[in-house]
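Colleague: Every letter in the sequence shown is one number past the one before it in UniProt numbering, and letter 300, counting from 1, is 300. One structure, pasted below without further comment.
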Amino acid sequence: MTKLLDAPDRPSRGSARRAARPTRGAGRGAAGRGRGTGPAPSGGSPIARAGRAAAALLTSPKYGPVTVTAILFVAVFVVGGIRYRGFFSGQVFLNLLVDNAYLIVLAVGMTFVILTGGIDLSVGAVVALSGMIAANTLQTGWSPAVVIPLILVLTSVLGLLVGLMIHVFKVQPFIATLAAMFLARGLCYVISQSSISITEPTFVQLAVSRIPLGGGMSITPSVIIALVVVAIAVWVLHATRFGRTVYAIGGSETSGLLMGLPVARTKVLVYVISGFCSGLAGVLFTFYTLSGYPLTAIGTELDAIAAVVIGGTLLTGGYGFVLGSVLGVLVLGVIQTIITFEGTLSSWWTKIFIGALLLVFIILQKVLTARRR
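If you want it as structure tokens, here you go:
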């Protein structure tokens with residue numbers, strides 16, 4: 001008993017093992033001190049990480065083309081500012097919006113259609129028809145408050161008929177919208193075979209009014225309308241079920257049907273939206289010209305398609321942004337502005353540059369989507 005009391009305290013077997021084991025924090029600290037005091041590797045320098053992120057962005061089939069479009073617009077605008085005196089100014093940029101407000105609205109409607117994998121060749125003829133209806137009815141004494149809503153309803157109904165033709169009778173969008181194009185252009189000649197001037201005071205006042213922004217810069221009401229349309233379109237495509245269905249149809253219509261999405265209704269509605277935007281674009285174009293003419297906007301449908309494709313929307317559907325289409329319109333506008341400042345080039349050079357850009361962006365889309373697969 002005395003020996004047991006006088007013996008030194010010995011830890012139990014369990015406590016000995018616990019004492020022999022370093023604590024987790026201590027072990028990690030010792031191990032860290034043994035390996036060195038530098039920070040853990042973080043995947044390279046910030047410049048390298050930024051380079052990898054930029055490369056991933058540019059090679060993405062979703063964001064790559066629209067990023068290239070934004071870079072192209074900035075580069076062309078800067079080159080114009082360096083080459084021409086007075087080019088690099090706020091009013092020149094605002095004039096891009098003023099001169100192309102109708103095309104921005106037209107491109108918004110075309111974006112909805114192309115996102116589903118469709119096409120709309122009737123939009124230019126519908127712009128002309130809208131101008132002819134406006135000019136003829138205003139000349140006979142109708143009020144703009146009646147004429148403008150009437151135009152929007154009629155063009156939306158035309159879009160509805162095209163959408164039903166595509167869905168119910170399984171007509172290819174190219175053929176259905178081509179028929180609508182001939183119909184709208186023919187109706188222009190039924191109304192009148194010559195130009196009709198618009199002299200209605202309220203309509204003229206809307207057309208010539210400017211909204212000052214300070215610093216000697218100003219815009220027109222058409223720009224405000226176009227920007228509102230763009231904002232609504234962005235919200236619809238990215239914050240509503242309808243917008244998600246539009247993207248789903250472009251990705252795979254069969255998959256959308258299997259998921260229970262309202263594919264049929266959405267396919268019809270995108271052509272209604274395109275018809276509405278075409279009618280509104282026609283009204284804005286009439287503000288710009290103050291006349292209606294049967295040959296107005298010939299080839300404008302191709303400008304709208306080019307702007308949407310250059311803006312990064314995939315022709316087969318599924319990828320694209322409304323803001324990209326706006327950038328596409330601005331690229332076309334800045335090219336036209338540079339040719340105007342040059343003074344020695346024919347306006348047909350605009351078409352040449354647009355064709356070249358269109359080919360480049362179609363090839364870019366093919367390459368990016370092939371890499372994604």
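Where a beta carbon is used, it is the ideal one built from N, C-alpha and C, also for glycine. Model, not experiment: these values are computed from the prediction.
For Glu-253 and Leu-359, what's the separation of their Cα atoms in angstroms?
Modeller: Distance between the alpha carbons of Glu-253 and Leu-359: 27 Å.
Colleague: In angstroms with no decimal places, state the Cα-to-Cα distance between Ala-125 and Asn-100.
Modeller: Rounded to the nearest angstrom, the two C-alpha atoms are 17 Å apart.
Colleague: Could you give the uninterrupted runs of the beta strand (DSSP E) lying entirely in the stretch 58-105, keeping only those of 3 residues or more?
Modeller: None, since the stretch 58-105 contains no complete beta strand (DSSP E) of that length.
Colleague: Let me check understanding here. Comparing Cα to Cα, which of Val-74, Thr-116 and Ile-47 lies closest to Asp-320?
Modeller: In the sequence as presented, Asp is not what sits at residue 320; that position holds Gly. Cα-wise, what sits closest to Gly-320 is Thr-116.
Colleague: Looking only at its own chain, which residues have a Cβ that is under 8 Å from the Cβ of Gly-29, when we skip the five neighbours before and after it?
Modeller: Only weak support exists for where Gly-29 lies, its pLDDT of 42 falling under 50; the value from the coordinates is given anyway. Closer than 8 Å at Cβ, skipping near neighbours: no residue.
Colleague: Check whether the Cβ atoms of Pro-61 and Thr-369 sit closer than 9 Å, and answer yes or no.
Modeller: Taking 9 Å as the Cβ cut-off, Pro-61 and Thr-369 qualify as a contacting pair.
Colleague: Phe-73 and Ile-338 - do their beta-carbons sit closer together than 9 Å?
Modeller: Taking 9 Å as the Cβ cut-off, Ile-338 and Phe-73 do not qualify as a contacting pair.
Colleague: When the Cα of Phe-341 is compared with those of Leu-57, Ile-82, Thr-67 and Ala-53, which residue comes out closest?
Modeller: Minimum Cα distance to Phe-341 is reached at Ile-82.
Colleague: At 4 residues or longer, what runs of the alpha helix (DSSP H) sit wholly inside the stretch 301-362?
Modeller: If we require 4 residues or more, the alpha helix (DSSP H) runs fully inside the stretch 301-362 come out as 322-342.
Colleague: Ala-281 and Leu-150: beta carbons closer than 9 Å?
Modeller: It is not a contact, given that the beta carbons lie outside the stated cut-off.
Colleague: Val-309 and Val-270 look like a contact to me (Cβ under 8 Å); what is the Cβ gap, rounded to whole Å?
Modeller: That pair is no contact at about 17 Å.
Colleague: Kindly indicate which residue of Val-78, Phe-203, Pro-221 and Ser-194 has the alpha-carbon position closest to the one of Val-334.
Modeller: Closest option to Val-334, Cα to Cα, is Val-78.
Colleague: Using a Cβ-Cβ cutoff of less than 6 Å, which residues in the same chain neighbour Ala-306 once the five nearest sequence positions on both sides are dropped?
Modeller: These residues qualify, in order along the chain: Ile-354 and Leu-358.
Colleague: Are the beta-carbon atoms of Ser-195 and Gly-292 separated by less than 9 Å?
Modeller: Cβ distance < 9 Å, so Ser-195 and Gly-292 count as in contact.
Colleague: Quick one: which unbroken beta strand (DSSP E) runs of 3-plus residues sit fully inside the stretch 184-229? Chain order, please.
Modeller: With a minimum length of 3 residues, the continuous beta strand (DSSP E) runs that stay inside the stretch 184-229 are 211-214 and 217-219.
Colleague: Using three-state DSSP, classify Gly-124 as helix, strand or coil.
Modeller: Here Gly-124 sits in helix by DSSP.
Colleague: For the alpha helix (DSSP H) holding Thr-266, just list the boundary residues, first then last.
Modeller: That run of the alpha helix (DSSP H) goes 263-289.
Colleague: Please state if the CB of Leu-97 and the CB of Leu-314 are separated by a distance shorter than 9 Å.
Modeller: Their beta carbons are not under 9 Å apart, which means Leu-314 does not touch Leu-97 by this criterion.
Colleague: Excluding the 5 residues preceding and the 5 following Gly-256 in the sequence, name in chain order all residues of the same chain whose CB lies nearer than 6 Å to its CB.
Modeller: So the list reads Ala-248, Ile-249 and Val-263, once near-sequence residues are dropped.
Colleague: Only counting the same chain, and skipping five residues up and downstream in sequence, which positions put a Cβ closer than 7 Å to that of Thr-113?
Modeller: Position check: residue 113 holds Val in this sequence, whereas Thr was assumed. Correct list, in chain order: Ile-119, Asp-120, Val-270, Tyr-271 and Ser-274.
Colleague: Sort Gly-317, Gly-312 and Phe-285 by Cα distance to Leu-106 and report the nearest one.
Modeller: Nearest option by C-alpha distance: Phe-285.
Colleague: How would you call Gly-163, buried or exposed, if buried means at least 16 neighbouring beta carbons within 10 angstroms?
Modeller: When all chains shown are included, Gly-163 counts as buried.
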